[in-house]
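1353 is the number of the first residue of the sequence shown in the working numbering; add one for each residue after it.
C-beta: ideal position from N, C-alpha, C; glycine also.
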Amino acid sequence: GINAEYGVLPNSAMDEGEEQYEDQPQAQQRRQIEMAAPTTINVIQAMEVCLEKMKLLNYEANFCRARNMKPLTRTYFAMPSSNPSEQLYTFTSLVHWLLTQLGAHFDAPEPHDNPNAVAGVILQQLRQAGLPSDFPPAKVKQGQGEAVLQILESVCDAVLEANHFSWARPAHKADEYDDEAEVDDEAELDGGIDDEAVVEEEEGLYMDGLASPGFGGGAESPGVDREILESAIPAAQWKMELERVAPQLKAIQSVDHKEWRAHLEQTKTLSDKMVSGVPKSREALSRLSGEVSDGLEEIQKSERRMNSNFEHLLSDFKNRSSETVESKQQYEQVLGVVSDLTNNLQSISEELDEVKNKMEDRGSSMTDTSPVITMKKSLTQVKQDSKLMDIRIGVAQHALLQARLAKHASANAKPIQGFAGLQKMGDGRRDSMDDEMYD
1353 GINAEYGVLP NSAMDEGEEQ YEDQPQAQQR RQIEMAAPTT INVIQAMEVC
1403 LEKMKLLNYE ANFCRARNMK PLTRTYFAMP SSNPSEQLYT FTSLVHWLLT
1453 QLGAHFDAPE PHDNPNAVAG VILQQLRQAG LPSDFPPAKV KQGQGEAVLQ
1503 ILESVCDAVL EANHFSWARP AHKADEYDDE AEVDDEAELD GGIDDEAVVE
1553 EEEGLYMDGL ASPGFGGGAE SPGVDREILE SAIPAAQWKM ELERVAPQLK
1603 AIQSVDHKEW RAHLEQTKTL SDKMVSGVPK SREALSRLSG EVSDGLEEIQ
1653 KSERRMNSNF EHLLSDFKNR SSETVESKQQ YEQVLGVVSD LTNNLQSISE
1703 ELDEVKNKME DRGSSMTDTS PVITMKKSLT QVKQDSKLMD IRIGVAQHAL
1753 LQARLAKHAS ANAKPIQGFA GLQKMGDGRR DSMDDEMYD
């Protein structure tokens, strides 16, 4: 198969320049160099050109019908498809069909093949055929795009050249119509058209079998099948006739799905397709099964070899794993003890903080001398107040004594004999005044 035969591209797959075309004809080398040049092309136009060249090779009968495929559209390889795998399979099958016409011999691609391997096979076969192969495999395995269209165009050109096909110059027939139509000056501008005359003219054209210029098999026109057919009927009449008969040309096929004959024919067709596809599918599946079994055997051998080589490491790993489990258990036990001790330390630290706060409060209360200072200030203030009070008392006593003396002097105006009598009278009065004041 392709996957088993071609796995990796050789290093020379991406070489550039004219060195890889040294031993080839000059025309082929020039074509390869032009195709290998990195240019940006219009993919829609390139796809149409490739499709026309493949039609020249009669690909619809030799390729599509043989493989039960539909003809390609004009944008099939120009744009991405909704089914990329089918698009890649169509491209690889088409390249395989073209390369086989150039004498290449390699296995036909299958839908389940690896895209990288298929791209490698295509590029290798192009290189062996002397065609441009300087394309990235990632672009080729996409199944669409500029690289795919360049490959198809180069292969189609090579097949046409191998079939000795050459493009001839187009032969243009001289125009027999007048440049200007004759004008009837006497015709009315708004004149009507006779419908009956038009109908008779159409019947004469289509029913009497009038021959157009360039069509006919008489002796006057030998070899007319090689000339361009040209009709003398105006395009407007063709359009009118087409609009008239178009509804009648529609083919309406009514198929009754309940008809047992239709089911029987469909069953036979599907059965034939299944029978024809069984050998290919069986061969592909057997090849795939062989590859899978070989891969499984290699994997089993590798597993046994790895087990034998790393057996001592495996035993060492088991011992280390058991030691790790024991160490984890010991660690968990020690961690529990550490957590208990941490809780005790936290409670003791809280009690110590409380005792320190109490000692600080008592020490601050014992060393505080502010009450004594306040008492001293208060005592000093009391002494000052007592002194002031004594002074006021003395002043009041003196004033009272003077008042009494003045009162007695005015009330008892008697003569006082001698200094001794006056002093005795004054002492008696002072004693009486003191007694009254303190009472």
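Starting from residue i, trace the alpha helix (DSSP H) both ways and give me its first and last residue.
i, result
"Ile1651", "Trp1612 to Asn1661"
"Tyr1504", "One point to set straight first is that residue 1504 is Leu, not Tyr, in the sequence displayed. Leu1504 -> alpha helix (DSSP H) spans Glu1498 to Ala1514."
"Lys1491", "Pro1489 to Val1492"
Quick one: grab the DSSP three-state call for residue i.
i, result
"Leu1752", "helix"
"Leu1483", "coil"
"Pro1467", "helix"
"Ile1768", "Per-residue confidence for Ile1768 stands at a pLDDT of 48, beneath the threshold of 50, marking its modelled position as unreliable; the derived number appears in the next sentence. Coil."
"Ala1588", "helix"
"Leu1454", "coil"
"Ile1393", "coil"
"Ser1583", "coil"
"Arg1596", "helix"
"Ser1518", "coil"
"Glu1462", "coil"
"Lys1602", "coil"
"Thr1719", "coil"
"Gly1688", "helix"
"Ala1523", "coil"
"Ala1763", "helix"
"Gly1472", "helix"
"Gly1746", "helix"
"Ala1563", "Bear in mind that a pLDDT of 42 at Ala1563, under 50, signals an unreliable position, so the number given afterwards is only what the model happens to contain. Residue state, collapsed to three classes: coil."
"Phe1443", "helix"
"Ile1725", "helix"
"Gly1569", "Below a pLDDT of 50, predicted positions are generally treated as unreliable, and Gly1569, at 41, falls in that range; the measurement from the model is reported next regardless. It is coil, neither helix nor strand."
Exercise. If you scan the segment 1403-1441 from start to end, which runs of the beta strand (DSSP E) of 3 or more residues do you find wholly inside it?
Worked result: none
Exercise. Three or more C-beta pairs closer than 8 angstroms, one from the segment 1431-1439 and one from the segment 1490-1497: is that the case here?
Worked result: yes
Problem set entry | Three-pair Cβ contact test at 8 angstroms for the segment 1443-1461 versus the segment 1474-1485 | yes
Problem set entry | Cβ pair count under 8 angstroms reaching 3, the segment 1397-1407 against the segment 1453-1471 | Taking 8 angstroms as the limit for Cβ pairs, the verdict is that the segment 1453-1471 does not touch the segment 1397-1407.
Exercise. Counting Cβ pairs closer than 8 angstroms, one from the segment 1415-1431 and one from the segment 1453-1469, do we hit at least three?
Worked result: Three or more beta-carbon pairs separated by less than 8 angstroms are not found between the segment 1415-1431 and the segment 1453-1469, which leaves the two stretches without contact.
Exercise. Are the segment 1505-1513 and the segment 1447-1458 in contact at 8 angstroms, needing three or more beta carbon pairs?
Worked result: yes
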